[in-house]
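Take the sequence shown: its position 442, counting from 1, is numbered 441 in numbering that gives the first Met the number 0, and each next residue is one higher.
Beta carbons are placed, not taken as given, at the ideal position from N, Cα and C, and that holds for glycine.
Worksheet for the structure shown next.
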Amino acid sequence: MVEALASTALRCVECATLYPAVEFGQGSAQPLPRYRCACGGVLDVETQFTLPQAFQQEPSESQDALQALEVSGDLPPMAGAAWRQLFEERAEQPPIWAVGSDSMLLDSSGVWRYRELILSAPEHYIISRPEGNTGMYPVGRENCGPGRIGHRQLGLYAGLDRFFLKHEGENPSGSFKDRGMTVGVTMARMLGARAVACASTGNTSASLASYAAQAGMRAIVFLPAGNVAGGKLAQSLAYGATTVQIEGDFDDAMHLVEQVCNELGIYLLNSLNPFRVEGQKAIGFELLQQLDWQAPDWLVLPAGNLGNTSAIGKAFRQAYQLSLISHLPRIASIQAAGANPFYRSFLHGFASRETVHAQTLATAIKIGNPVSYTRARRVIEESDGIVEEVTDEEILAAKVMIDRAGIGCEPASAATLAGVRKLVARGVIKPDERVVGILTGNLLKDSKTGMPQEGSSIVVEPTVDAVRKVLHV
Ligand SMILES: [Zn+2]
C-alpha cells in the first residue's frame, strides 16, 4: 500500500508544505490519515503520472503528423496521443465482466478508466459500482439533432447553438458524489479503516452510505436537521448508515464531523478529504473523452462547497498538461443568490474570503463557508473563469425547463441552466460558443421542491367519456 502511494504526495493549498500520502504515528504500524496542513490549510493531491508500459512506444508517422498540428506547452507531443489511445481502448470494453475479471470492471468505470490520473491503488482494494458513464445530451439550437424538439427547448432557453448537458445524476446513487466516493472508500480500505463518516447536505451521505455498505464498513453521516431533501435522507437510512441529524446548518455539521473523526479515529470522507477531489476529476476527463478530446469553450456548473469547481478545473489543467486537449475551457461557477460567498469574493477580485449565512431552496448548494475555496479560486483565475449568482426563482424556472425536456434534475442542478441563460444574456458567453453544463443530481432526490404535487393530477371515472372531457377532445 505504501509502495502504491510512493509517487503520491499531499500539498497544502495555502502554504505549499508537502506531506507524504501515508504517515505513521511513532512506533505504530497503523497509518494516520491527514486532512489538513499544520497551518490549517486544506490539502491537494500531487501525483506523478506514468503511462502503462505497453503504451510507452515509439510514435508512428501518422501519429507524429497528427500531433504536430496540436503541439502545446513543453511536453513531448506524443504523450497526448498515447493517453488518448489508452482511454479509448478501455472505453471500448463492453460493459460486462466475467466473474473474477476485476480489470474489466475497472475499465467499465467512468472513474477507474482514468486510474493513472486518479489514484494508484492496488486493484483488490478498489470499491466500484461501477460509476460514471453518465449521459451527455446535445441540447443546443443547432446540435440537438432533428426530432428532439423537447431537448431543443433548452438551447432556445439558454440562447446557445452548441450546448451539452452532462447528467451526473445518472450515477449509481443518483449524484456526482459517487465519483469521489469510490476513490474515498478505496482509500479508506487501503488505510485499514473500519468506519467512515461525513457531513453532508444529503448527496454525499447517500453516496458514502452506499459505498461503505458495499465494502462492509460502518458509515456515520451528519446532516443538518430539516435541511435535507427526503430522497437523500431515505437513501442514507436504507443503505444502513448511522444517520445523525445536527441541530444547526451544514457548516455546523461540517465543523463537528471533523472533530468527531479526529477524536474517534474514524476516516473522514468530507470534501475536506483530498482523495475525493481526485475521483471527481473524472467528470472532466469523461466529458472531454465524450467530446473526442475537443475541449469546449465553457464549462458551467453549480457551486456550493466548490469541490466540483476544484476537481473539474484540476482535470482540465492536467488534461492540458498531458496534451490531451489543446486549450483550457473557461469555467463558470454558479451560486444561489442566498448562498453566494464565492460570488461575493469574486466580485472584489478575491481580495478577501467571504462567508454568509446560507439561505436557498437549492439545499445541495446551501453552504455559507465552502471548504474548497482556495482550490476553486485558483481554477477560476487560471481558466479566466467567472462566478455568477442566480435567484431561487431563476433556479426554479430553469428546473421546470429541464424537467419538461424529459431530462429532469434536483433544484441545485438547475442553477447551471439559470446561470448559462444569464451569462448569455449578459454577453459573457457568446451564442455560438460550445458550452457544457453539469447537472449534479437526479430528479428523484428531491420530490417536493419545484415539482408538481400529487393533487395536480386528475382523477376521473373509468369511462372513455370522462377521459374525453378532461382531455378536451
Ligand atoms: Zn499549510
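Problem - Cα-Cα separation between Glu-453 and Val-12, rounded to whole angstroms - result: 48 Å
Problem - Extent of the continuous beta strand (DSSP E) to which Phe-54 belongs - result: Here Phe-54 belongs to no beta strand (DSSP E), and DSSP marks it neither H nor E.
Practice task
Indicate, with yes or no, if ligand 1 has a heavy atom lying under 7 Å from the CB of Glu-45.
Solution key: no
Handout entry: Near ligand 1: Glu-13 beta-carbon under 7 Å from a heavy atom
Key = yes
Problem - Enclosing beta strand (DSSP E) for Gln-334 [first to last residue] - result: Per DSSP, Gln-334 belongs to the beta strand (DSSP E) from 329-335.
Problem - Cβ pair Glu-167, Thr-133 closer than 8 Å - result: yes
Exercise for the section: Please confirm whether any heavy atom of ligand 1 lies closer than 7 Å to the CB of Cys-260. Expected result: no
Practice task
Please report how far the alpha carbon of Pro-121 lies from the alpha carbon of Ser-325, in whole angstroms.
Solution key: 32 Å
Handout entry: Entirely enclosed alpha helix (DSSP H) segments - the segment 378-411, minimum 4 residues
Key = 391-403
Problem - Segment limits, alpha helix (DSSP H) that includes Val-44 - result: Secondary structure note for Val-44: it is in no alpha helix (DSSP H), and the uninterrupted beta strand (DSSP E) holding it is 42-46.
Handout entry: Expected contact under 8 Å - CB spacing of Leu-153 and Leu-416 to nearest Å
Key = 7 Å
Exercise for the section: Using DSSP bridges, identify the partner residues of Ser-174. Expected result: Gly-440
Problem - Heavy atom of ligand 1 within 7 Å of Thr-373 beta-carbon - result: no
Problem - Start and end residues, beta strand (DSSP E) containing Ile-219 - result: 217-223
Practice task
Would you mind working out which of Asp-464, Val-434, Ile-406 sits nearest Leu-443, comparing C-alpha positions?
Solution key: Ile-406
Problem - Contact check, Val-434 vs Val-220, beta carbons under 8 Å - result: no
Practice task
Could you tell me which residues DSSP puts in a beta bridge with Met-135?
Solution key: In the DSSP output, where bridge partners are listed per residue, Met-135 has Lys-165.
Problem - Residue of Gly-201, Thr-242, Val-184 minimising C-alpha distance to Ala-211 - result: Val-184
Problem - Cβ-heavy atom distance, Thr-49 to ligand 1, below 7 Å - result: Result no, Cβ not under 7 Å from ligand 1.
Problem - Same chain, Cβ closer than 8 Å to Leu-155, neighbours up to 5 away in sequence not counted - result: Arg-140
Exercise for the section: Pick out whichever of Ser-206, Ala-414, Tyr-238 has its Cα sitting closest to the Cα of Thr-390. Expected result: Here the closest residue by C-alpha is Ala-414.
Problem - Inter-residue Cα distance where the pair is Ser-382 and Gln-289 - result: 21 Å
Problem - Separation of Leu-50 from Val-399, as counted between CA atoms - result: 45 Å
Practice task
Below 8 Å on the Cβ atoms is my guess for Thr-478 versus Ala-363; work out the distance and round it to an integer in Å.
Solution key: Not covered by the structure: residue 478. The range shown for the chain is 0 to 472.
Problem - Cutoff 6 Å; reference Met-253; Cβ partners in own chain excluding five residues on either side - result: The beta carbon of Met-253 sits closer than 6 Å to the beta carbons of Ala-198 from its chain, once the five residues preceding and following it are set aside; these are given in chain order.
Exercise for the section: Mind reading off the beta-carbon distance from Ala-404 to Asp-248? Whole number of angstroms is fine, and I expect it under 8 Å. Expected result: Not a contact, Cβ separation roughly 33 Å.
Problem - C-alpha gap between Ala-318 and Cys-38, whole angstroms - result: In a straight line, the C-alpha of Ala-318 is about 30 Å away from that of Cys-38.
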